[in-house]
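Just below is one structure, and these are the notes that go with it.
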Amino acid sequence: MKRNLLLCVDAFGTLFRPRSPIAEQYGTVARGMGVKISDDEVAKSFKSAFKETSKAYPNYGKKTDMGARQWWTEVITKTFTPHHSGPLPATLTSTLINRFWCKDGYTLFPDVSYLQQLSHTPQRQKDAKQRLVIGVITNSDDRVPDVLSSLGLKVHGLRYNNSQETMIETSEKEEKDQAQQAQDIDFCIMSYDVGVEKPEPEIFNAAISTLESMLVSEGNSYEKEDWGLLYVGDEVAKDAKGAVQAGWDAVLLDRGAEVDAAYEGDAPGVEGVMVVEGKKVPVLKGFEALGTYGGHELLKIQ
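So for the sequence shown, this note's numbering puts the first residue at 1197; every next one is plus one.
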C-alpha cells in the first residue's frame, strides 16, 4: 500500500444533485416571468440547445474565449425563444444562471459529510507522515468551486493551469483561514480548464500535475512511488473506466444510475463489485463505506 493517497471525486451526481429536475426549475422560473412553456417542452428544447451550443462553442465556450456565463446565456436563449413571442424577460437568463451557480439550484448528497469529517483528521495536515489529499475531477465549466462552496464545503481556490506564482500567492492569502478551518477540497480539476473530458486520461493526469504543484508550493516534492491514486464517481463509462485506463484505482457510488450490473455484496455498505477494464471496482452505497472498503487506511476516520 502506498504511503500517501490522492483521493479525487466527481462533482455533479456524486457530491451534489439538482434540488429538483433542471427542466422543472427552468420551467418554474420562466413561467413566473410570463413564458408559457411546459416542463416537457423545456426538457426537449434544452437538450437541443445544449447540443447546438456545444457544437458551435466547444468546452462551454472556452475554446472561443466566450466564457461560461455567455455560453449559458446562449443555451437559455435558445431553449426559450422558440416558445415565446417577442423578447425574453430581461432577467430570465441572469436569474437561471445565478440559480445554478450556487445552492439555490443544487443540494449535497447527505453522505458527503464523510469528506467533511475527513478534513479534520491528522492525515489531512500538511506535515502528516502519511498524507491524504482530496481533489475534484469533473466534466464541467468553472462554476463547480462556487457551487461547492455555496453548499457548505470548504474549497481551496487551486485549479489546474494556475501558474506556480498564483498557487503560492493563493496559498499564502488563505493561510490564516486554513489554520483555523481545514479544507474539504484541496483543488478542482474541470474539463473547462484542461480542455478534455472524462474518460480521457489527460484530465486525470491534470490532477497529478496539480498535486505536484501543490506540494511544491508547500516546500515538498511529489514522489510517484509514494502516492496511491483513487477516483470516486457514479458513472461506469466516464468515471470508473476513465480512472482505470489512466492507471488509477476506482470506486463507484450507487446514485441510482449505472450500477445495476453489480452483484450483491456481503458487507455493510457494499453493493457488489464490477470488473472494469479487467480491474475490480467496488460499488458502495455511499461515501461512509469508503472508510472501510476504499482500499486505503488513510480513508478511515478514527
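Glycine residues also receive a C-beta, built at the ideal position from the N, C-alpha and C atoms.
Keep in mind the model is a prediction, meaning the values are calculated, not measured.
Can you find the residues in the same chain that come closer than 7 angstroms, C-beta to C-beta, to residue i, ignoring five residues on each side of it along the sequence?
i	result
GLU1484	ASP1307, TYR1310, GLY1465
THR1317	ILE1497, GLN1498
TRP1444	PHE1400, LEU1425, LEU1426, TYR1427
TYR1302	PHE1212, ARG1213, PRO1214, ARG1215, VAL1343, LEU1347
ALA1375	Any reading at ALA1375 needs caution, since the residue's pLDDT is 43, under 50, leaving its predicted position unreliable; the model's value is listed next. Hits under 7 angstroms: none found.
VAL1390	TYR1356, GLU1398, ILE1399, ALA1402
SER1417	LEU1411
LYS1322	GLU1414
GLN1266	GLY1257
GLN1313	ILE1497
Tell me residue i's beta-bridge partners as DSSP assigns them.
i	result
ASN1200	TRP1423
THR1303	ARG1213
ASP1445	LEU1426
THR1334	MET1386
ILE1381	VAL1351
VAL1469	PRO1478
PHE1483	For PHE1483, which the question treats as bridged, DSSP gives no partner whatsoever.
PHE1400	According to DSSP, which records beta bridges pairwise, PHE1400 is partnered with nothing at all.
VAL1343	For VAL1343, which the question treats as bridged, DSSP gives no partner whatsoever.
VAL1205	VAL1332, VAL1428
Skipping 5 residues on each side, what residues in its chain have a beta carbon closer than 6 angstroms to that of residue i?
i	result
THR1289	THR1269, ILE1272
LEU1161	Limits of the chain in this structure are 1197 at one end and 1498 at the other, which puts residue 1161 out of reach.
THR1406	TYR1356, PHE1383
VAL1440	ALA1446, VAL1472, GLU1473, LYS1475
CYS1204	GLY1331, ILE1333, ALA1403, TYR1427
GLY1209	ASP1430, ARG1451
ASP1435	ASP1206, GLY1429
ASN1335	SER1387, GLU1393, LYS1394
With H, G and I counted as helix, E and B as strand and the rest as coil, what does DSSP make of residue i?
i	result
PHE1296	coil
PRO1478	strand
ILE1327	Going by the sequence as given, residue 1327 is Arg instead of Ile. Coil at ARG1327, not helix or strand.
VAL1308	helix
VAL1392	coil
TYR1489	helix
TYR1222	helix
TYR1459	Only weak support is given to the placement of TYR1459: the predicted model assigns it a pLDDT of 46, under 50, and the value that follows is read from those uncertain coordinates. Three-state result, TYR1459: coil.
Give the C-beta separation of residue i and residue j to the nearest angstrom, bearing in mind that I take them to be a contact with Cβ-Cβ under 8 angstroms.
i	j	result
ILE1399	VAL1351	At roughly 18 angstroms, the Cβ-Cβ gap does not stay under 8 angstroms, so ILE1399 and VAL1351 are not in contact.
TYR1222	LEU1292	6 angstroms
ASP1422	ARG1199	5 angstroms
VAL1225	HIS1279	So it is not a contact: roughly 14 angstroms between Cβ atoms.
PHE1276	LEU1284	6 angstroms
LYS1274	ALA1239	Not a contact, Cβ separation roughly 14 angstroms.
LEU1480	GLU1493	At roughly 17 angstroms, the Cβ-Cβ gap does not stay under 8 angstroms, so LEU1480 and GLU1493 are not in contact.
LYS1510	PRO1478	The structure shown does not extend to residue 1510, since the chain spans only 1197 to 1498, so no value can be given for it.
LEU1328	LEU1201	5 angstroms
For the ligand MG, is there a heavy atom less than 6 angstroms away from the beta-carbon of residue i?
i	result
ILE1330	As for the ligand MG, it is missing from this structure, which has no ligand bound.
Within a Cβ cutoff of 8 angstroms, which residues of the same chain sit near residue i, ignoring the five residues on either side of it in sequence?
i	result
LEU1304	LEU1211, PHE1212, LEU1347, GLY1348, LEU1349
ALA1264	TYR1256, GLY1257, LYS1258, ASP1337, ASP1338, ARG1339, TYR1388
PHE1242	ILE1218, ALA1219, TYR1222, VAL1271, THR1275
At what residue ranges does the stretch 1228–1285 contain a whole run of the alpha helix (DSSP H), taking only runs of 4 or more? Correct list: 1235–1252, 1264–1276.
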